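Residue numbering for the sequence shown follows our numbering, beginning at 14 and increasing consecutively. Heads up, the thing below is written out as structure tokens.
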Amino acid sequence: MVALYVLLGFVLLLVIDYFVIRGEKKYHPAFQKKYEVIENVVFDNISVTVPADSYVSKGHTWGELQGNGLIKIGVDEFILKSIGQFIVTGIVKSGTVVKKGDAIIDAKLGDKNFSFRSPVDGTVNFVNDDLIGKAISDPYGEDWGVMVSPINFEKNAASLKANEKVVEWMKNEFIRLKNYLVENSLQPQLAGDTMLDGGKMIEGAVAHLNKESIKKFEDEFLTI
């Protein structure tokens with residue numbers, strides 16, 4: 014009986030702690046969803062995480078299948094490391110029917126604009142309006158973009174990356190980004206003095222590109 018009272022007391026304290034922290038707009042670790050990371054993808058001095066339960070598109074948007082059949086979609090961490098602190102300026106409206114490759118999240122970096130695209134076909138059911146006007150910092154958590162009711166998901170999934178394929182593909186994307194920066198930046202040192210012998214890439218290097226190169230970056234890395 015004493016053990017039962019102790020257990021009930023512990024649960025009560027945990028619940029009280031939860032509501033106190035929620036009141037302070039924080040999240041208690043005991044109630045926070047954890048993402049299993051399949052690997053830290055490291056290239057030079059930059060590391061990104063890849064959730065094991067997500068699909069990733071070649072346009073660097075991820076999709077995670079929810080228990081209710083919806084797909085939660087957001088921007089992957091590669092983009093945060095590459096571009097830096099961009100601001101979300103708009104999100105597609107709830108109820109919109111989107112096709113794979115349609116723009117769903119608009120963003121800007123200073124006076125440079127670009128968009129992120131849906132990895133699947135479907136109807137937008139929910140939109141994270143809190144993201145508008147915000148710089149994404151928690152891409153796989155609270156900074157998701159939309160939830161979509163998918164159409165022909167199996168067909169779409171065939172062209173998406175998952176599990177160990179994400180890791181290998183992401184490593185190749187870092188190499189491709191370094192090449193791109195060397196070819197298109199007035200400051201090639203942002204990608205390292207050399208590309209194959211350990212030169213270090215600077216986080217947010219894409220932010221230093223001009224408008225024309227940012228547009229080309231969008232075509233090269235953000236289209237599906």
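Glycine residues also receive a C-beta, built at the ideal position from the N, C-alpha and C atoms. As the structure is a computational prediction, the values presented were derived from the model and not from experiment.
- Remark: C-beta atoms of residue 95 and residue 218 approach each other more closely than 8 Å.
- In this structure, residue 74 sits near residue 87, with a CB-CB distance shorter than 8 Å.
- DSSP lists 68 as the beta-bridge partner residues of residue 175.
- Per the Cβ contact rule, the segment 156–169 is in contact with the segment 129–145 (3 or more Cβ pairs under 8 Å).
- Contact check for residue 72 against residue 127 fails: the beta carbons are separated by 8 Å or more.
- Between the segment 113–123 and the segment 224–237, the count of C-beta pairs closer than 8 Å reaches three or more; the two stretches touch.
- Taking all protein chains shown into account, residue 141 has 16 or more neighbouring C-beta atoms within 10 Å of its C-beta and is therefore buried.
- With 16 or more other CB atoms across the displayed protein chains lying within 10 angstroms of its CB, residue 104 is buried.
- The C-beta separation of residue 78 from residue 84 comes to about 6 Å, placing the pair in contact by the 8 Å criterion.
- The closest CA to that of residue 220, considering only 182, 69, 63, 124, is found on 124.
- Residue state for residue 91 is assigned as helix, using DSSP reduced to three classes.
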